[in-house]
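Q: Before I ask anything, here is the structure I am working with.
Protein chains in written order, with this note's numbering: chain A, 11 to 146; chain B, 11 to 146; chain C, 11 to 146; chain D, 11 to 146.
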């Protein structure tokens with residue numbers, strides 16, 4: 011399943027829109043219904059208006075009625091097509107994933123390629139998180 | 011075409027995730043290839059980590075390889091299912107649409123229902139915009 | 011007053027943190043109490059986590075108890091210190107300014123230098139805006 | 011020093027602008043030059059255009075020429091003035107703090123009151139972070 015998710019992310023990497031950073035990222039999320047949704051980073055001339063790949067994938071899933079993410083795979087390439095290493099999700103992405111997951115159960119796969127990846131959890135990456143219950 | 015786009019947006023409105031504002035929004039964008047992509051607002055316990063419906067739809071289109079938006083339709087409902095009137099896109103959404111359009115040619119459709127809408131352009135809503143060429 | 015505001019913005023331009031875009035921006039806002047607050051753009055390796063100069067200035071004002079902005083001046087420079095022309099606020103900034111102003115009354119000053127500027131209003135830049143009353 | 015920083019944050023909590031969440035947050039950051047800068051959350055009718063208290067404080071510091079944060083204290087209150095418990099920074103705030111710190115050395119103080127707080131580090135809250143060096 012990990013490799014299938016990485017393959018899905020790699021499959022859309024060419025669609026990444028990163029004319030400013032030249033840092034191309036793609037992500038694929040697996041939901042509790044067994045569906046997979048992909049996303050890429052979508053940059054903007056006004057940098058803060060950009061959308062990360064992971065957020066893109068989650069937003070796509072939610073817009074299709076999904077509410078629970080089980081796993082996410084992330085891949086990156088520079089403008090020469092070289093792997094960017096194991097791309098770790100930024101804080102915004104971790105926060106967006108948090109809303110639709112149980113952090114201990116959300117598998118995060120940082121992949122260089124289909125057969126070369128590291129696995130962690132959202133709880134590892136965003137401990138003591140701020141979530142829906144924090145609002146009281 | 012306007013009505014078809016509004017229908018697409020209405021079709022995903024139930025998927026809006028708005029537990030904090032109870033303000034449900036959906037959008038549909040038409041690209042220059044003739045495809046339609048939908049999106050809903052995806053809120054977050056950390057409010058600034060939320061994603062607007064229009065941004066969701068644009069990000070989805072871009073992740074599928076699209077680069078030019080021709081039209082967008084926006085609809086809104088409150089938690090009782092009542093129309094929120096003609097929902098105007100916020101500044102973030104206008105900026106995200108800007109990146110993938112010619113503002114004068116991007117049709118923006120603010121709809122209460124399939125047969126009840128107002129039409130404007132991105133140029134009307136975001137004149138003197140900050141765009142890719144502003145970075146010099 | 012316009013020139014004083016431009017001068018305030020120019021005064022902090024060197025503090026702009028823009029290692030990614032090399033596009034340096036500063037802003038100064040005048041509140042209804044007569045105070046002036048400045049801000050610069052604060053970029054981030056995760057581009058969407060960046061903060062625009064105008065937002066920085068508004069946030070600073072609000073944190074000091076201010077709630078109404080009367081005017082804002084914006085200046086920009088590239089990494090060689092050359093003026094970036096009349097820098098127009100992005101959609102995010104327009105939205106943030108919207109929350110704390112009457113759009114028709116908020117003066118927006120786009121300045122190349124103290125004596126070289128254009129003047130407009132938020133209403134001109136963000137017509138039919140989404141604001142507090144839109145939430146119903 | 012911890013208590014002084016908490017006191018600074020508490021001192022601006024009344025300036026928090028949170029008409030939508032009614033969740034009031036304030037933060038104070040200490041820089042390597044020994045200065046303290048405060049911030050509050052600044053919400054927006056378009057929720058994603060809001061600015062968190064921690065981001066506000068960091069942006070203020072950067073606009074004054076600071077580039078390194080040593081410690082941050084965070085406090086929260088609900089609309090009745092009751093403490094919101096130990097308010098943990100959201101993912102966005104962690105990312106913004108990341109840019110201007112050595113995560114292992116950045117002290118994060120989650121405070122209910124001057125004498126009641128927990129202490130951690132940014133490295134604990136945002137391990138394996140995405141930072142400037144990730145862009146390659």
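Each residue gets a CB set at the ideal place from its N, CA and C atoms; glycine is no exception.
These numbers were taken from a predicted model, which means no experiment stands behind them.
Within 10 Å of its beta-carbon, does residue 66/B have 16 or more other beta-carbons around it, so buried, or fewer, so exposed?
A: Answer is buried; the Cβ neighbour count reaches 16.
Q: For residue 40/D, which three-state DSSP category applies?
A: Strand.
Q: Any heavy atom of the ligand GTP closer than 7 Å to the CB of residue 78/D?
A: As far as ligands go, the structure on display features none, and thus does not contain the ligand GTP.
Q: Which term fits residue 51/A, buried or exposed, when burial requires 16 or more other beta carbons within 10 angstroms of its beta carbon?
A: Label assigned to residue 51/A: buried.
Q: Going by alpha carbons, who is nearest to residue 107/A out of 146/A, 75/A, 128/A and 69/A?
A: Checking every option, the nearest Cα to that of residue 107/A belongs to 69/A.
Q: Note down, in chain order, all residues in the segment 40 to 64 of chain D with a beta-carbon under 7 Å from any beta-carbon belonging to chain C.
A: Of all residues in the segment 40 to 64 of chain D, 48, 49, 50, 52, 54, 55, 56, 59 and 61 have a Cβ within less than 7 Å of some Cβ in chain C.
Q: State the start and end residues of the unbroken alpha helix (DSSP H) segment that holds residue 68/A.
A: Element bounds for residue 68/A: 63 to 73.
Q: Kindly identify the DSSP beta-bridge partner or partners of residue 110/A.
A: Partner(s): none; residue 110/A has no beta bridge.
Q: Give me the Cα-Cα distance between residue 118/D and residue 76/D, rounded to the nearest whole angstrom.
A: Near 18 Å, if we compare the C-alpha coordinates of residue 76/D and residue 118/D.
Q: Quick check on DSSP: helix, strand or coil for residue 22/D?
A: Looking at residue 22/D - three-state DSSP - the assignment turns out to be helix.
Q: Using CA coordinates, which residue listed in 44/C, 95/C and 131/C is at the minimum distance from residue 143/B?
A: The option with the nearest alpha carbon to residue 143/B is 95/C.
Q: If you reduce the DSSP assignment to three classes, tell me which class residue 80/C lands in.
A: Correct three-state label for residue 80/C: strand.
Q: Please report how far the alpha carbon of residue 38/B lies from the alpha carbon of residue 140/C, in whole angstroms.
A: For residue 38/B and residue 140/C, the distance between alpha carbons rounds to 18 Å.
Q: Going straight from the alpha carbon of residue 26/A to that of residue 127/A, what length do you get?
A: Their backbone Cα atoms lie some 20 Å apart in a straight line.
Q: Can you list, in chain order, the residues of the segment 86 to 114 of chain B whose Cβ is nearer than 7 Å to any Cβ on chain A?
A: So the list reads 102, 105, 106 and 109, given in the order they occur along the chain.
Q: If we ignore side chains and look at the alpha-carbon of each, how far apart do residue 105/B and residue 59/A end up?
A: C-alpha separation (whole angstroms): 7 Å.
Q: For a test of the three-state rule: what should DSSP assign to residue 144/C, helix, strand or coil?
A: Residue state, collapsed to three classes: helix.
Q: Does residue 78/C get closer than 8 Å to chain D when you measure Cβ to Cβ?
A: Not an interface residue.
Q: Which residues share a DSSP beta bridge with residue 127/C?
A: According to DSSP, residue 127/C bridges with 121/C.
Q: Looking at the C-beta of residue 142/D, does it have a partner C-beta in chain C at a distance below 8 Å?
A: For residue 142/D, the answer is yes, since a Cβ of chain C falls inside 8 Å of its Cβ.
Q: From this set, 35/D, 13/D, 79/D and 54/D, which residue's C-alpha is nearest residue 102/C's C-alpha?
A: The shortest Cα separation from residue 102/C among 35/D, 13/D, 79/D and 54/D belongs to 54/D.
Q: Taking its Cβ as the centre, do 16 or more other Cβ atoms sit within 10 Å of residue 29/B, making it buried, or is it exposed?
A: It counts as exposed.
Q: Are residue 81/C and residue 48/C close, meaning C-beta to C-beta below 8 Å?
A: No.
Q: If I follow the unbroken beta strand (DSSP E) through residue 49/C, where does it start and stop?
A: Note, residue 49/C: beta strand (DSSP E), 46 to 50.
Q: Out of 131/A, 132/A, 138/A and 133/A, state which residue places its alpha-carbon closest to the alpha-carbon of residue 130/D.
A: Among 131/A, 132/A, 138/A and 133/A, the Cα nearest to that of residue 130/D belongs to 138/A.
Q: If you measure from the beta carbon of residue 31/A to each beta carbon in chain D, is any gap under 8 Å?
A: Interface residue, yes.
Q: Tell me which same chain residues have a C-beta within less than 6 Å of the C-beta of residue 86/B, skipping the five on either side of it?
A: Result list for residue 86/B: 35, 94 and 97, in chain order.
Q: Under 8 Å, Cβ to Cβ, is there at least one residue of chain C near residue 127/D?
A: No, residue 127/D does not count as interfacial toward chain C.
Q: Let me know the secondary structure DSSP gives residue 57/A once reduced to three states.
A: Three-state result, residue 57/A: helix.
Q: Would you mind reading off the limits of the alpha helix (DSSP H) that contains residue 116/B?
A: Looking at the DSSP string, residue 116/B is not in any alpha helix (DSSP H), and its letter there is neither H nor E.
Q: For residue 73/C and chain D, any beta-carbon pair shorter than 8 Å?
A: Interface residue, yes.
Q: When you compare each of 33/A, 46/A, 31/A and 24/A to residue 13/A by their alpha carbons, which one comes out closest?
A: Selected option, being the one with the closest Cα: 46/A.
Q: Using a Cβ-Cβ distance under 8 Å, would residue 22/A count as near chain B?
A: It does: the Cβ of residue 22/A has a partner Cβ on chain B nearer than 8 Å.
Q: Is residue 71/B near residue 121/B, with beta carbons less than 8 Å apart?
A: No. Outside cutoff.
Q: Taking Cβ to Cβ, would you say residue 78/B is nearer than 8 Å to residue 110/B?
A: Taking 8 Å as the Cβ cut-off, residue 78/B and residue 110/B qualify as a contacting pair.
Q: Out of curiosity, what's the CA-to-CA distance linking residue 64/A and residue 16/B?
A: For residue 64/A and residue 16/B, the distance between alpha carbons rounds to 27 Å.
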